[in-house]
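J.: Here's a structure for you.
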Amino acid sequence: MKPLLFDFNVDKSTKTVTIDREFDAELSLVWDAFTVKEILDQWWAPKPYESKTKVMDFRVGGRRFYAMVSPEGNEMWHLQQYTSITPKTNFKYFSVFADQDENPHLPGSDWDLTFSEKDGITLVSISIYNDSLERMEKMIEMGFKEGFTMTLNELEKVIGARG
């Protein structure tokens, strides 16, 4: 079997980060891992951080409000506002850091996630457009590539345990 695809690209000219990642799993399982709170919280943070979802309303106009919690208990809050959902194919959301009362810390980024399956392998293509180049550069400097790579590796483990 050929290795699973994992591409991570940063394009400063368009203020966009793109990630293509294959998973050895059926599309419905991978979709659920991105859209069901109980599964998301198992993997949506680079270890040793944990994801703790306070609100999850997966519908257009809905939101996910969650914290990444450090081993010491420090919380970094995030707000995702769903703007478009095509079941089992694509969803989009606006992502922004926030305080514990859901007050956003602008600017944010627009996430566009597309799902496709071929021969039991599911491809997730993620495009992250940043409102500002400064925000994108800060995100990259903070270790986004390394952290998100670790996070997607956690997803692979969760899918493997469920599949």
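Start counting the sequence shown at 609; every next residue gets the next number (our numbering).
For each residue, glycine too, the CB sits at the ideal point set by N, CA and C.
Measuring CB to CB, does D628 end up less than 8 angstroms from L612?
T.: The count along the sequence shown starts at 1 and reaches residue 628 at position 20. The count along the sequence shown starts at 1 and reaches residue 612 at position 4. Not closer than 8 angstroms, so no.
J.: In terms of alpha-carbon separation, which member of S740, F702, I693 and W639 lies closest to H686?
T.: By 1-based counting over the sequence shown, the position of residue 686 is 78. H686 has its Cα closest to that of F702, out of S740, F702, I693 and W639.
J.: For S703, which three-state DSSP category applies?
T.: Working through the sequence shown from its first residue, we reach residue 703 at position 95. Strand at S703.
J.: K655 by DSSP, collapsed to three states: which one?
T.: To locate residue 655, count along the sequence shown from 1; it is residue 47. Note: K655 maps to coil in three-state DSSP.
J.: Can you list the beta strand (DSSP E) stretches of 3 or more residues lying completely in the region 691-754, in chain order?
T.: Complete beta strand (DSSP E) runs here, min 3: 698-706, 712-726 and 729-738.
J.: What residues are listed by DSSP as bridge partners for T624?
T.: Numbered from 1 along the sequence shown, position 16 holds the residue referred to as residue 624. T624 is bridged to D619 and Y737.
J.: Where does F642 sit, in a helix, a strand or coil, going by DSSP?
T.: The count along the sequence shown starts at 1 and reaches residue 642 at position 34. Helix.
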